[in-house]
Each structure stands twice: as structure tokens, then as C-alpha cells.
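Taking it in order: structure first as C-alpha cells, then the write-up.
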Amino acid sequence: MNRRNREWLRPWEATIPPPAPAGPVAQRPTYRQMVRHLRSEANAGRMLPFVIEYRGQLAGQLTVAGITWGSMCSGHVGYWVDREVAGRGVMPTAVALAVDHCFRTVGLHRIEVCIRPENGPSRRVVEKLGFREEGLRPRYLHIDGGWRDHLVYALTAEEVPGGLLDRWHQARSGPPRK
Numbered sequence: 001m002n003r004r005n006r007e008w009l010r011p012w013e014a015t016i017p018p019p020a021p022a023g024p025v026a027q028r029p030t031y032r033q034m035v036r037h038l039r040s041e042a043n044a045g046r047m048l049p050f051v052i053e054y055r056g057q058l059a060g061q062l063t064v065a066g067i068t069w070g071s072m073c074s075g076h077v078g079y080w081v082d083r084e085v086a087g088r089g090v091m092p093t094a095v096a097l098a099v100d101h102c103f104r105t106v107g108l109h110r111i112e113v114c115i116r117p118e119n120g121p122s123r124r125v126v127e128k129l130g131f132r133e134e135g136l137r138p139r140y141l142h143i144d145g146g147w148r149d150h151l152v153y154a155l156t157a158e159e160v161p162g163g164l165l166d167r168w169h170q171a172r173s174g175p176p177r178k
């Protein structure tokens with residue numbers, strides 16, 4: 001699936017920046033190293049990696065990362081979806097499920113999603129779910145060979161007392177009939 005989606009995801013996936021003149025050369029981790037890192041961070045309570053399935057097939061990935069405890073109790077969400085299932089409500093549903101898990105089970109208070117301004121489909125995911133746009137982070141992440149600006153979207157537990165999945169289902173079904 002990665003090969004099939006490589007060109008479609010390339011403009012949005014993080015890349016390793018070039019090394020500083022006196023710094024070490026960073027290399028893209030192997031798949032095994034990536035899995036080891038995800039497990040280590042999850043075991044330490046700093047990350048929640050999820051696989052997304054659609055009709056029994058791998059359809060994407062969602063990760064709640066940068067989990068911070070103490071007075072902050074927050075994390076940020078990153079995700080990607082297979083081009084073959086994009087536009088079918090898979091990603092908004094996955095984000096809603098993950099956010100509900102973070103708020104109701106894990107005990108986080110705030111979730112952020114940072115998205116490149118030109119990534120319209122990803123922005124629509126969080127806008128459909130009612131995330132609030134908070135501003136711009138200039139040159140926030142190294143993506144596709146350069147430091148790219150990102151819009152910050154956020155949501156707190158108080159904003160979705162009935163759960164984000166319930167709000168998403170209500171938004172999809174439209175206003176109640178009279």
C-alpha cells in the first residue's frame with residue numbers, strides 16, 4: 001500500500017531535514033525501527049499508534065503523539081489514508097474514535113491537529129468534526145524537502161461532552177426532521 005500511495009502522500013509526509021554543517025546525518029528509519037519506536041513510545045505513555053481498517057483491509061494510520069501529562073494533558077493527531085478509500089468518511093470516523101478514546105479513556109484534555117494550509121482534504125476532516133482553527137505555525141515541520149507552514153486545529157474535552165463520534169454521526173445525518 002505504501003508504494004501505491006507514495007506519490008499521493010509525498011506532499012504531506014514528514015521528511016528528514018538535511019544535516020547541520022557539523023551535525024550527524026539522519027537517515028529515514030527502517031520499518032522495523034519505526035515499529036520499535038512506536039511500541040517504545042506507546043509503552044512510555046507518550047503515543048497511541050492506530051491502524052485503520054476499512055472492510056477488512058489496511059486503509060491508513062492514525063497516531064496520537066506528543067502526549068503530555070501534568071497540567072497540560074494533551075496530544076496531537078497525525079493521520080494518512082489510502083487513496084482508494086479517501087472521501088468515504090473513513091478518516092473523520094477514525095479521528096472521532098481516537099479523540100473520544102483520548103478524552104474518555106486516556107484522560108487527555110486537549111487534542112491538536114496540524115495541517116499544511118494547502119491540504120484541503122485533511123483540513124476538511126477536522127472542519128467536519130468541528131475542530132477550531134487556532135492559527136498558523138510558520139515552518140513547523142520538514143515535509144517534502146522543506147520546512148512547511150501548518151495550520152493548528154484544536155479541540156478540548158469540554159467542547160464535545162457527548163463525544164466526537166456522536167457529533168460526527170449527527171452531522172452526517174443532517175438536521176432532525178420535523
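Each residue of the sequence shown is one higher than the last, beginning at 1 in UniProt numbering. We put the CB at the ideal spot given by N, CA and C, even for glycine.
Check                                                                                                                                                                        : Outcome
Between the alpha carbons of glycine 70 and leucine 108, how many angstroms are there, rounded?                                                                              : 10 Å
Counting only the same chain and skipping the five closest in sequence on each side, list residues whose C-beta sits under 7 Å from that of alanine 96.                      : Leu129, Leu164, Leu165 and Trp168
CA-CA distance, leucine 155 and methionine 91?                                                                                                                               : 17 Å
Considering only residues of the same chain and omitting the five flanking positions on each side of glutamate 133, which have a CB-CB separation below 7 Å?                 : Leu151 and Tyr153
Report the residue from Asn43, Leu141 and Met34 whose alpha carbon sits nearest the alpha carbon of valine 113.                                                              : Leu141
So for cysteine 114, helix, strand or coil by DSSP?                                                                                                                          : strand
Going by DSSP, which residues form a beta bridge with tyrosine 79?                                                                                                           : Leu62
For leucine 62, count neighbouring C-beta atoms within 10 Å of its own C-beta (all shown protein chains included) and say buried if the count is 16 or more, exposed if not. : buried
What are the boundary residues of the alpha helix (DSSP H) that includes aspartate 166?                                                                                      : 164 to 173
Which partner residues of tyrosine 31 appear in the DSSP bridge assignment?                                                                                                  : BP columns for tyrosine 31 are empty, so no partner.
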